[in-house]
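Report on one structure; see the data block that follows.
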Amino acid sequence: MPYDAGMKSMLAELRECFSAALETAFGERGRGIDPLVKPSSDTKFGDYQCNVAMSLGKSLAMKPREVAERLVEGVSQVLSRGQPWFFVQIDGPGFVNIRLRREYLEELLSSIPAEQADDRLGVMPATAAQRQTVVVDYSSPNVAKELHVGHLRSTIIGDTICRVLGFCGHDVIRQNHLGDWGTQFGMVILGIWHIFAGRKRGEPAGWLEQGTTELAAAQQTSDKAVLDWLARTYAQQEKDLAADLEGREFEKFLREYVPTLDELLPAYRFVNAVETAAEKTGFDRTAEGKRIPLSAVSNYVVKMLQEGGEQNRQEREAWRLSIRASLDACNALYRRLGVLLVDEDVRGESFYHEMLAGVVEELKGRLATPTGAGDARAVCRLDKGAVCVFLEKPDGAPMFKGAQGDPLPMIAQKSDGAYLYSTTDLAAALFRISHPQRNRVEVTSRALADALAAKGGGLGADRILYVVGEQRLHLQMVFATIDALGWKRRAGRPDVDLEHVAFGWVLGDDHKPLKTRTGENVKLRELLDESERRARALIDENDAKRAELGLEALSEEEKRDIALAVGIGSVKYADLSQNRTTNYVFNWEKMLAMQGNTAPYLMYAYARIRSIHRKAASGAATAGAVLALTEPVEIALGKHILQLGETLEIVAHTLAPNLLCEYLYGLAAAFMRFYETCPVLQAGDEKTRASRVRLCDLAARTLRVGLGLLGIRAMERM
Ligand code: ARG
């Protein structure tokens, strides 16, 4: 992707200036070259540096030092057209160090408008030409399974990416690609039927869990015990079925039933256990004459669901109810986590169902012979009855290989006619790329074109982000197929950009994926309960020290609210502050520490600055105060505040939220250094005091906006 997140920042201004200088100095040969300007690694030498002289020296066959000298000459020519706003100095073999003028920093800081509802701190949004439509696929859990920590990262990282891109002025379309159309739904629907049958029989609460436990116990005893248990269960099931053969009562039940996920899960587990046991023990064979083998009932139910139609409306209804229950549970967690996702963002796998036959037709038609420009070629052919897409490099070598080195295809339709996860992802990508006005993607399959049109014609994305852990191979195959189909290409515009925003694992103390002591996935809900509990303990602990620190006392209600914000904020921040692509160890002490790169540290820093600000009172007088950066620590803080824009540019480009965390941590540190050396309330004169109060205000607002982009609530008092 070209580096262009769209906002004018100090870095972007410098880049522009150095580009112009390159052209001034070297004419045609200096045009269109990335000037390689970046923040200095050591502020001793300057604020930014330009390293282009090294590489340019090579291509121009000149000494880098000479290149640098001419570049600096070019810079002064460019700068002479206006107010000079930085100094340059050549260092070593040809590095150009850049130091921003103090007056420039003061001017920029002064130009930041007073606080308003949608505080932007002077950061400009993307221009109309730069604005992109970005689809972000994140969270995307599978229905009828509870969210666990594995879903945490996708949800938190994806949400921050949405917020940052939105702040940068892009049109963000969130997509919760819910797993709502798998074979598991047969079991869920059947589970709901068992709940119905149990209620009718007057079974006590918890009877399904009880059943699963009994079966497990029988499995510990003997095959005979299992077979007996299955026979009893089966007989009961047959009896219940016979009593309501048409399903009239079931239908009536469904009309009033409001399930919760807590009720559905045990039912699902029960069915799963029964079917697995029936299959393993060969129970199906022992009881001849059964209409549907006990191990395959859910399969049968799935077929009915997918077939649809009037005769299968009960299955439809039960399916709908189970999705509602799952979504309610998800939404509760999203609210609690402060995540933006709402029902309107859900576009689950089922949404694409009507497009799948067309997708397969398109693959067969378009990829009948090896097709594709660029890096990927694809050919679609039948392999043991399945519709397969084989992906090749331009020289015909397979792009993906199985364990034996054989070509590994992406399967689009199984020999029994079933579509796969990949088929749905192809349909989803087409829907996301295509747009009825802005980007009509050419497809040859009539069925596909019609299905797409019936769904409104698509979203028209310029960039699509898949925030998904693992699944690298799957997404690579899908992306390569889309490439070969030509769906990404647009006349006169850059290709649509599809990116896998991958992330590592959350590990436990043992450095293995985080599990509970009993080896189960940790439930997100319980994790958040614990973080709030621990945050509360922390607040109570600090209570005693409040007066010492010059902080106001807190009411019980405030404490509760703060515990919530700190608890959730800590979990989120601990995740976001890690390099996204690596694994990290989940550690309560570390994430709740009051020192270091943590949420509590930043939140306290914010609250402290606010408290200073409150004491300085008369905000109105300081809002227009003249900003004078006299001390080096003041200059450093001011500069840091002004780097919010370029930090966000980089985050929007790299999709690495940890860079925003580092920025905020650096900001808090710069503030502390300032506060230690520069008295604010006790400043020598009124002018200095007003200037410093204003600087405090800007620092606090920057912290708050930054934390807000991480989805963390900054508290006014802590
Ligand atoms: N539901 C999937 C899972 O939980 C994630 C979906 C990711 N998005 C996608 N378009 N494949 O594994």
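Residue numbering for the sequence shown follows this note's numbering, beginning at 1 and increasing consecutively.
For each residue, glycine too, the CB sits at the ideal point set by N, CA and C.
These figures come from a predicted structure and were not determined experimentally.
- The DSSP-derived three-state label of C50 is strand.
- W588 is classed as exposed because its beta carbon has fewer than 16 other beta carbons within 10 Å across all chains shown.
- Taking every protein chain shown into account, the CB of G385 has fewer than 16 other CB atoms within 10 angstroms, so this residue is exposed.
- Shown here for R432: same chain residues with a beta carbon closer than 6 Å to its own, the five before and five after excluded, namely V135, L459, A461, I464 in chain order.
- It is roughly 14 Å from the alpha-carbon of K239 to the alpha-carbon of E249.
- Not one heavy atom of the ligand ARG sits closer than 8 Å to the Cβ of G158.
- In this structure, DSSP gives E246 a state outside helix and strand, which the three-state scheme calls coil.
- The C-alpha of Y421 is placed about 20 Å away from the C-alpha of P407.
- As the crow flies, the alpha-carbon of N597 is around 14 Å from that of F671.
- Collapsing the DSSP output to three states places H500 in a strand.
- The three-state secondary structure of K401, taken from DSSP, is strand.
- Each of Y334, I712, R174, K515 was checked against the Cα of T133, and the nearest Cα belongs to R174.
- Here S445 really is in contact with E361; their C-beta atoms are around 4 Å apart, less than 8 Å.
- Distances taken from the Cβ of A461 to the heavy atoms of the ligand ARG include none shorter than 8 Å.
- If you look at T581, you'll find it isn't in any alpha helix (DSSP H); DSSP assigns it neither H nor E.
- In this structure, the ligand ARG has no non-hydrogen atom nearer than 8 Å to the beta-carbon of Q236.
- Secondary structure of D416 (DSSP, three-state): coil.
- If you draw a straight line from the Cα of K401 to the Cα of H474, it is about 13 Å long.
- Between V506 and D425, the C-beta gap is not smaller than 9 Å, which leaves the two residues out of contact.
- Every alpha helix (DSSP H) of 4 residues or more that sits fully in the region 585 to 671 is shown, in chain order, as 588 to 591, 599 to 616, 619 to 623, 632 to 642, 644 to 654.
- Here DSSP, grouped into helix, strand and coil, assigns A386 to strand.
- For Q314 against E251, the beta-carbon gap comes to about 5 Å, under 8 Å, which counts as contact.
- Straight across, the Cα-Cα distance linking F253 with E530 is about 37 Å.
- Excluding the 5 residues flanking it on each side, R31 has same chain C-beta neighbours closer than 7 Å at E23, in chain order.
- Distance from the CA of L514 to the CA of Y604, rounded to the nearest whole angstrom, comes to 29 Å.
- In the structure shown, the three-state DSSP call for L264 is helix.
- Per the DSSP secondary-structure output, I161 pairs with nothing in a beta bridge.
- Excluding sequence positions up to five before and after L564, its CB lies within less than 7 Å of the CB of E532, all in the same chain and listed in chain order.
- Distances from the CB of P141 to the heavy atoms of the ligand ARG include at least one below 8 Å.
- For G94, the secondary structure class from DSSP, reduced to helix, strand or coil, is coil.
- Annotated three-state conformation of T516 is coil, per DSSP.
- If you check the C-beta of H151 against the ligand ARG, you find a heavy atom less than 8 Å away.
- For K224 and I292, the gap between their C-alpha atoms comes out near 22 Å.
- About 6 Å separates the beta carbons of I157 and P657, which is inside the 8 Å limit, making them a contact pair.
- CA-CA distance, V359 to S555, rounds to 60 Å.
- With fewer than 16 other Cβ atoms from the protein chains shown falling within 10 Å of its own Cβ, G365 counts as exposed.
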